[in-house]
Amino acid sequence: MAITQPAMREAARQPEMRPANPRFSSGPCAKPPAFDLSKLADAPLGRSHRAAIGKAKLKAAIEETRDILGIPADYKIGIVPASDTGAFEMAMWNLLGERPVEMLAWESFGAGWVTNVVKQLKLDAAVKTADYGEIVDLAGVDFDRDVCFTWNGTTSGVRVPNGDVIPANRAGLTLCDATSAAFAMDLPWDKLDVTTFSWQKVLGGEAAHGMLILSPRAVARLESYTPAWPLPKIFRLTKGGKLIDGIFTGATINTPSMLCVEDYLLALDWARSVGGLDGMIARADANTAAVTDFVAAHDWIEFLAVDPATRSNTSVCLKFADARIVDGAAFAKAVAKRLEQEEIALDIGAYRDAPAGLRIWCGSTVETSDIAAMLPWLAWAFEAEIEALSEAA
Ligand SMILES: Cc1ncc(COP(=O)(O)O)c(C=O)c1O
1 MAITQPAMRE AARQPEMRPA NPRFSSGPCA KPPAFDLSKL ADAPLGRSHR AAIGKAKLKA
61 AIEETRDILG IPADYKIGIV PASDTGAFEM AMWNLLGERP VEMLAWESFG AGWVTNVVKQ
121 LKLDAAVKTA DYGEIVDLAG VDFDRDVCFT WNGTTSGVRV PNGDVIPANR AGLTLCDATS
181 AAFAMDLPWD KLDVTTFSWQ KVLGGEAAHG MLILSPRAVA RLESYTPAWP LPKIFRLTKG
241 GKLIDGIFTG ATINTPSMLC VEDYLLALDW ARSVGGLDGM IARADANTAA VTDFVAAHDW
301 IEFLAVDPAT RSNTSVCLKF ADARIVDGAA FAKAVAKRLE QEEIALDIGA YRDAPAGLRI
361 WCGSTVETSD IAAMLPWLAW AFEAEIEALS EAA
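Counting from 1, one number per residue, gives the positions in the sequence shown under the UniProt record's numbering.
Below you can see the structure in the form of C-alpha cells.
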C-alpha cells in the first residue's frame with residue numbers, strides 16, 4: 001500500500017515532543033506514575049512475614065484487592081508463589097481431572113496451558129485454538145466441562161469481550177488466566193471460578209507473587225476431589241480434605257518478599273487515587289483510543305486483533321501492512337530498535353512466538369500523554385526504515 005505524501009512529510013524529521021516515560025513493556029509493565037523507591041520505606045524488611053506486621057500487610061493486600069476489583073465476599077483470595085504462572089498451574093494441578101476438560105487458546109500463554117494439560121497432566125482434553133488475532137467461538141464451548149482460558153491474550157492483543165456466554169448454572173469450573181486483564185477490564189466474578197493474575201502487569205508491581213481467586217464452587221471442588229497425581233508442597237491448597245484457610249488470609253505457603261508486598265500495596269493505593277477499577281479501565285481505554293486514532297490515520301499499520309470487539313485495551317498488538325516490506329520480522333525489529341535507541345519506546349517488539357509486529361502496553365500505569373508523544377515517533381521510525389529499505393535495494 002502506498003503511503004500518502006502528507007504522512008511522509010510528517011515523518012521526515014524527528015518529532016519534537018518526547019514521552020516523559022518510554023516504558024511501554026507488556027510485563028513487567030511501567031510502575032505507577034507516582035512511584036518512587038523511597039515510598040517502599042515502610043516495608044517490614046528483616047522481619048518475619050509471620051510477625052503481626054507482615055501478616056497485616058499480606059491481609060491488607062488481599063482485602064484491598066477484593067475491594068478495588070469488587071470480588072465477592074465469599075470468594076477466597078490467596079497470594080501464592082511464582083507469579084501468574086504459579087497461580088494458574090496450582091489451580092490446574094489441584095482442580096482438573098474430576099471431569100472432562102476444554103482448553104481454549106488464542107496465543108502463546110494459553111497454548112502453554114494446553115501443553116500442561118495434554119502433555120504433563122495427560123488429560124484427554126478438547127482443545128480449541130484460534131490463530132493470533134482471533135478468538136475461539138465461545139458459544140460452542142461446553143461449560144459443563146472444566147474450561148481453561150486466558151481473558152486477555154497478552155501476546156496477541158485479543159480479549160474475551162464479556163462473560164455473557166458462560167452460563168450461570170454451569171456444571172464445570174471456569175479457570176481464567178487474567179494476568180493482563182485484572183485492573184483493566186471488567187471481570188464477571190460470578191462467571192469465573194478460578195482467576196489468576198500477577199502484580200507485574202496492569203498495576204506495574206513486581207513479579208514474584210501470583211494472585212489466586214477462588215469461587216465457592218472452586219473451593220467445594222478442592223474439598224471434595226483429590227487429583228490422581230502428586231502435588232508438591234508449593235502447590236498444596238488443602239490439608240486433610242479441607243482448604244488451608246491461612247493461605248487466603250495472608251499466611252502464605254512459603255516466604256513472600258515483603259518488599260514486593262509493600263510495592264503492591266503502593267500500587268493499590270495509586271489505583272484507588274485514580275478512581276479504582278473504573279478509573280483504571282478509563283485510563284487504559286484512553287491509551288488504546290490514542291493508538292486506535294493513530295492506526296486509523298495511517299494505512300501502513302493495523303491491529304493484529306481482527307474484531308474490534310475483542311481488541312485488548314492493555315497489550316495492544318500491531319502489524320505493519322505495507323507492500324514495500326519484504327521481511328516483516330526484520331522490519332518490525334528494526335523499527336522497535338530505532339525507537340529503543342532514541343529512548344522513545346522500550347520493549348515494544350512483538351512477543352517472540354507471536355506474528356511480527358509491535359506490542360504497545362496501554363494499561364493504566366502508562367500516561368496517555370506518553371502514548372500521544374510516542375506515536376509520531378513510530379511514524380518517523382517507520383519512514384526511516386522504509387527509506388533504509390529503498391537505499392539498500
Ligand atoms: C496471559 C499470561 N499468562 C501468564 C503469564 C506469565 O506471567 P508470569 O511471568 O507473571 O508468571 C503472562 C505473562 O506475560 C501472561 O501474559
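Glycine is no exception: its CB is placed at the ideal position from the N, C-alpha and C atoms.
Is residue i buried or exposed, if buried means 16 or more other CB atoms sit within 10 Å of its CB?
| i | result |
| --- | --- |
| I247 | buried |
| L378 | buried |
| A11 | Its pLDDT being 47, under 50, A11 is placed unreliably by the model, and nothing is read from it. |
| residue 399 | Because the chain here runs from 1 to 393, residue 399 falls outside it and cannot be looked at. |
| T288 | buried |
| V366 | buried |
| M17 | exposed |
| R283 | buried |
| D131 | exposed |
| D142 | exposed |
| A30 | buried |
| N313 | buried |
| E223 | exposed |
| S390 | exposed |
| K57 | buried |
| P32 | buried |
| N169 | exposed |
Among all the DSSP beta bridges, which residues are the ones paired with residue i?
| i | result |
| --- | --- |
| E302 | K319 |
| L40 | Bridge partners of L40: none, in fact. |
| H209 | P81 |
| A105 | T129 |
| W361 | S315 |
| G349 | L358 |
Determine whether the beta carbon atoms of residue i and residue j lie at a separation below 7 angstroms.
| i | j | result |
| --- | --- | --- |
| L339 | A381 | yes |
| A125 | V118 | yes |
| A373 | R359 | no |
| F332 | A356 | Per the sequence shown, residue 332 should be read as Ala rather than Phe. Closer than 7 angstroms, so yes. |
| P232 | D74 | no |
| N116 | L237 | no |
| V261 | A20 | no |
| P22 | E343 | yes |
| V165 | L203 | no |
| N106 | S156 | This sequence places Trp at residue 106; Asn is not what is there. Yes, these two residues count as a Cβ contact at 7 angstroms. |
| R66 | I77 | yes |
| A207 | P28 | yes |
| G205 | D263 | yes |
| P161 | H209 | no |
| V136 | E102 | no |
| A321 | W300 | yes |
| A87 | T196 | yes |
| G250 | I68 | no |
| T174 | A290 | no |
| A34 | W270 | yes |
| G97 | P227 | yes |
| T252 | R159 | no |
| S180 | M280 | no |
| residue 394 | D193 | Since the displayed the chain opens at 1 and closes at 393, residue 394 lies outside it and no answer follows. |
In this structure, does DSSP put residue i in helix, strand or coil?
| i | result |
| --- | --- |
| F35 | coil |
| V366 | coil |
| A2 | Residue confidence for A2 is low, a pLDDT of 43 falling below 50, so the modelled location carries little weight; the figure read from the coordinates is stated next. DSSP places A2 in coil when its eight states are reduced to three. |
| G275 | coil |
| K122 | coil |
| C176 | strand |
| W377 | helix |
| S198 | strand |
| F149 | strand |
| R159 | strand |
| L192 | coil |
| L214 | strand |
| R23 | strand |
| T115 | helix |
| I371 | helix |
| F382 | helix |
| A309 | helix |
| L138 | helix |
| G110 | helix |
| E391 | helix |
| A220 | helix |
| S335 | According to the sequence shown, residue 335 is Val rather than Ser. It is helical. |
| A181 | coil |
| E343 | coil |
| G328 | helix |
| A171 | coil |
Does any residue of chain C bring its CB to less than 7 angstroms from the CB of residue i?
| i | result |
| --- | --- |
| I247 | In the structure shown, chain C cannot be found, because there is only a single protein chain. |
Problem set entry | Segments of 3+ residues assigned as beta strand (DSSP E) that fall wholly inside the segment 53-101 | 76-81
For this session: Counting only runs of 4+ residues fully inside the segment 224-294, write out the alpha helix (DSSP H) ranges in chain order.
Result: 258-273
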